[in-house]
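Chemist:
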Amino acid sequence: MLTAILCALALGYAVLRVAIGYPDPRRHYHRLGRGEVALISSAAEAMYPAGGPIPSSGLDADLPDYLERLMTASRLQTRILLHLLFFLVEHGTLLFPTPGRGGMRRFSSQDIEQRVAALDGWAESTLFVRRLVFTSLRAVLTMGYFAYPPVVRRLGLAPLAIESPICEADLLYPRIGEKPESIGMTAADLTPPSEGIPLPQDGPLHPGFAEPGA
Amino acid sequence: MEPGQLRVFAQYDRDLTLEADAVVVGSGPAGAVVAKELTDAGKSVVLVEEGPPFVPAEYEFDGGLSMARTMREGGLRTTSGTVMPTMQAVALGGGSLVNSAICNRAPAFILDRWCSDFELERTTRADLDPHYEAVAKFLGIAVTPENVLGRRNLLFRDGCDALGYHCEPMYRNVRGCRGSGECFTGCRSRAKQSMDISYIPAALRGGARVLTSVRIERVLAERWRATGVAGRVVTPFTGRPSHQVRIHAKLVVLAAGCTATPVLLQKSGNLANRSGQVGENLQFHPGVAIMGIFPELVNPRFGATQGYQSRHFLREGFKLETLWAPPAITAVRLPGSGMALKNRLADIPYSAIWDGIAVCNRSIGRVRVRRRSMDPILSWKLHPADVSVLAQALWVLSQIFFAAGARTIVPGVHGIAPELHSLEEAEVLRDRPIRATDLVLAGNHVFCTTRMHGDARLGVVDEMGRCHDFENLYIADTGIFPQCPAVNPMWTGMALAHRSAQQIAQQI
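Going down the list, the protein sequences come from chains A and B.
Just so it is clear: in the first sequence, position 76 is 75 by numbering that gives the first Met the number 0, and no numbers are missing.
Just so it is clear: in the second sequence, position 58 is 57 by numbering that gives the first Met the number 0, and no numbers are missing.
1. Please report how far the alpha carbon of V366 (chain B) lies from the alpha carbon of G11 (chain A), in whole angstroms.
2. Can you check which of these residues, B:S212, B:V24, B:V44, B:P235, is closest to P6 (chain B) by C-alpha distance?
3. Quick check on P383 (chain B) - is its C-beta less than 9 Å from some C-beta in chain A?
4. Relative to chain A, which residues along the stretch 318 to 342 of chain B have a C-beta separation below 8 Å, given in chain order?
5. Against chain A, with Cβ distances strictly below 9 Å, would R365 (chain B) count as a contact?
6. Tell me, to the nearest whole angstrom, how far the beta carbon of V173 (chain B) is from that of A161 (chain B); I am working on the premise that it is less than 8 Å.
7. Answer yes or no: do L119 (chain B) and G453 (chain B) have a C-beta to C-beta separation smaller than 9 Å?
8. Note down, one range per segment and in chain order, each alpha helix (DSSP H) of at least 4 residues found wholly within the stretch 272 to 351 of chain B.
9. Excluding five sequence neighbours on each side, which residues of the same chain lie with their C-beta closer than 7 Å to the C-beta of V151 (chain A)?
10. Specify the secondary structure class of M46 (chain A) as computed by DSSP and reduced to three states.
11. Could you tell me the alpha carbon to alpha carbon distance between S79 (chain B) and T477 (chain B), rounded to whole angstroms?
12. Mind the definition here: the stretch 218 to 233 of chain B touches the stretch 418 to 425 of chain B only if three or more C-beta pairs lie below 8 Å; say whether that holds.
13. Is E320 (chain B) near Q391 (chain B), with beta carbons less than 9 Å apart?
14. For the candidate residues B:R214, B:D195, B:E1, B:Q10, whose alpha-carbon lies nearest to that of G93 (chain B)?
15. Using a Cβ-Cβ cut-off of less than 8 Å, list which residues of the stretch 3 to 29 of chain B approach chain A; keep chain order.
16. Tell me, to the nearest whole angstrom, how far the beta carbon of G442 (chain B) is from that of P285 (chain B); I am working on the premise that it is less than 8 Å.
17. Could you tell me the alpha carbon to alpha carbon distance between L91 (chain B) and E49 (chain B), rounded to whole angstroms?
18. Would you verify that the beta carbon of G102 (chain A) is, or is not, closer than 9 Å to some beta carbon of chain B?
19. Using the C-alpha atoms, what's the distance from Y11 (chain B) back to H29 (chain A)?
20. Can you name, in chain order, every residue of its own chain whose Cβ lies under 8 Å from the Cβ of I289 (chain B), other than the five neighbours on each side?
21. Going by DSSP, what residue range makes up the beta strand (DSSP E) through L472 (chain B)?
22. Looking at A60 (chain A): is its Cβ nearer than 9 Å to the Cβ of G183 (chain A)?
23. With distances taken from CA atoms, which of B:P52, B:A34, B:P51 is nearest V44 (chain B)?
24. Could you give the residue range of the alpha helix (DSSP H) that holds G143 (chain A)?
25. What residue range is occupied by the uninterrupted alpha helix (DSSP H) comprising E89 (chain A)?
26. DSSP beta-bridge partners for R367 (chain B)?
27. Which word fits L93 (chain A), buried or exposed, when buried means at least 16 other C-beta atoms lie within 10 angstroms of its C-beta?
28. In this structure, how does DSSP classify C257 (chain B) when only helix, strand and coil are distinguished?
29. How is T407 (chain B) classed by DSSP in three states: helix, strand or coil?
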């Protein structure tokens, strides 16, 4: 009887911890659950706070949106790994509590100082697997942060506009998912190959990274 | 399907059966060379590639999305044992679409060792040089011009020169480089001569038929003869299978890559494996890297992705080179979180990354099949002696950085301070014992899983790439290397493929 009660309590706590109490996200996500959106946002805020030499924060960069795109572009196996990663970080505080009051609460429920401390704990752990989890989380968050144009513009790392020469291959290969009839170019459209002129570093940025209205 | 045609995913509407003199599985550097050379010799060829063709409009600047689209397992493949990421492209042109075009001939002393240790008779530098030359002529392999090297490559030269370490600009299969530094996500300048814009169009002109988005799942064989291959059409990116494809051929060439070819053989009933060597002997060139921060603006966005190298320490077991990756991938190397991390990100415009790859013949692993998947299970263990080699590479890199004027280096080694500010501080890299798990490793040069050996009991193929067990089954990827070659392997793989193609053309 006692065992049954304990199991019921544990199950109730697990449901409460995993599924209850997350805020509604700003938009609907197909690939991410509410808890994952909360985890990603809170981790992004801790990893990339506002201010400093790059004004944009992780929240500005809308990392849940980036992760949604990344997961949509990924195969099932990768998506499973990413879900597992988010779960480990969100609930890893049970195994590795953050110092201070409420250190075993969900990662996304902790205040920002605790979250930074939790991330540092993962990063500096003597356990290789724990460091690996941190490195993986930081990798996906960093890729999302750098996909936000103001960040790479600020660092002078935004890709420059390059007009690709039209070569023989461009007459052979359609866009992925389309048929060759969609190519719409002929040999008459071929342009001279690159002459190896270095890219002017003050040239215009790729349209996807240019300042709005530039 | 007519000679000279290419088929993409949207064109498959039914099962497909083809016949040819030769079917080549895999359109990476080796497979593309074989396909082109055989069509030049007047043979009918079908070249099969699992990935789709990418045009510049499909290139992603973002490292994560780019890897998710162009790499198997979304770029998240790792070894077990010693955990190390390792990537394999899935795209027309294979790895050449997303590599940095480095071309090195295997050193003569390495090839001599291959000959003596693996009972090979015709694989010295003198034997391979004509094939290196043929590939170089076609691709325009040339030294990287000074005007597109950029500061981060030239700083490496300065550092090496100051220390008296021999170094040189890279030879690359590039024509008209503009220094965009975008080799890893696809060259928008169309300067890199990846297979999709060089050998494959030439093969198509010669009459080859090219099937993209087809995953070969089985080599067909009767008794001791290969009769063709069978597989399925797969949806780009999701890999969802649909129509069946069967290609009957007089001769089969497997160039699916060092990790995919052994899986294919094992899934085909453990084919060509009387030696028991299929999938064994897995070797890598594991790499480590250091980021250096300089007092002046480096502007690392500009310059050939990997434009300079030093082979000064090749006999000690490592090679050094410059490196640039999409900014997000570069940033992943930086330690810490919060404002400390943001402050370090602000240093990227002042930074350069240089890496060392190690000759790790002692670190051996194996490739095994995964149930209900064509993806491999890779187990591999970094030998302690090879950890020492990598630690030595880190120490030498730190010397070069400080000799070039770096104010700080970020070694990325667990247990060592995240930033080191002088050569004296960097001595910890030389003096402190380092374990494999302390290092941030990557290994994208993969070898030896179907190795060549003069003795059929000890290798899968002979030195022409022909399987010992099957006279009409060839392997033409880096799996046939008997040991890791100490330098970037693409050119050597292509030279060996060029040589195999000449023999195949005579055989069929």
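Note that the Cβ used here is the ideal one computed from N, Cα and C, for glycine as well.
Just so it is clear, the structure is predicted and the values come from calculations on it, not from any experiment.
Modeler: Inspection of the coordinates gives the following:
1. Their Cα atoms are separated by approximately 44 Å.
2. The sequence given here places Arg at residue 6 (chain B); Pro does not occur at that position. For R6 (chain B), the nearest C-alpha among the options comes from B:S212.
3. No, its Cβ sits nowhere closer than 9 Å to a Cβ of chain A.
4. For the stretch 318 to 342 of chain B, the set of positions with a beta-carbon nearer than 8 Å to some beta-carbon of chain A reads P325, P326, A327, I328, A330, V331, P334, G335, S336, G337, M338, L340, K341, N342 in chain order.
5. In terms of beta-carbon proximity, R365 (chain B) stays away from the interface with chain A, with every pair separated by 9 Å or more.
6. Contact flag wrong, Cβ pair sits at about 28 Å.
7. Against a cut-off of 9 Å, the Cβ pair of G453 (chain B) and L119 (chain B) comes out as a contact.
8. 326 to 331, 337 to 344, all fully within the stretch 272 to 351 of chain B.
9. So the list reads F145, A157, F208, once near-sequence residues are dropped.
10. Helix, per DSSP.
11. If you take the alpha carbons of S79 (chain B) and T477 (chain B), they lie about 21 Å apart.
12. The answer is no - the stretch 418 to 425 of chain B does not touch the stretch 218 to 233 of chain B, with fewer than three Cβ pairs under 8 Å.
13. No, they are not a contact pair.
14. Comparing Cα-Cα distances from G93 (chain B) to each of B:R214, B:D195, B:E1, B:Q10, the minimum goes to B:D195.
15. The residues in question are L5, V7, F8, A9, Q10.
16. So it is a contact: roughly 4 Å between Cβ atoms.
17. Rounded to the nearest whole angstrom, the C-alpha separation of L91 (chain B) and E49 (chain B) is 8 Å.
18. Not closer than 9 Å to any Cβ of chain B, the Cβ of G102 (chain A) fails to qualify, so no.
19. If you take the alpha carbons of H29 (chain A) and Y11 (chain B), they lie about 29 Å apart.
20. Counting only Cβ-Cβ distances below 8 Å, and skipping sequence neighbours, we find I352, W353, D354, L393, L396, S397, F400, I408, V409, P410, G411.
21. It spans 472 to 474 - the beta strand (DSSP E) in which L472 (chain B) sits, taken as one unbroken run.
22. Not closer than 9 Å, so no.
23. Here the closest residue by C-alpha is B:A34.
24. Note, G143 (chain A): alpha helix (DSSP H), 127 to 145.
25. According to the DSSP assignment, E89 (chain A) belongs to the alpha helix (DSSP H) that extends over 75 to 90.
26. Partner(s): B:I376.
27. By the C-beta density criterion, L93 (chain A) is exposed, having fewer than 16 other C-beta atoms within 10 angstroms.
28. Coil, per DSSP.
29. Secondary structure at T407 (chain B): strand, using DSSP grouped into helix, strand and coil.
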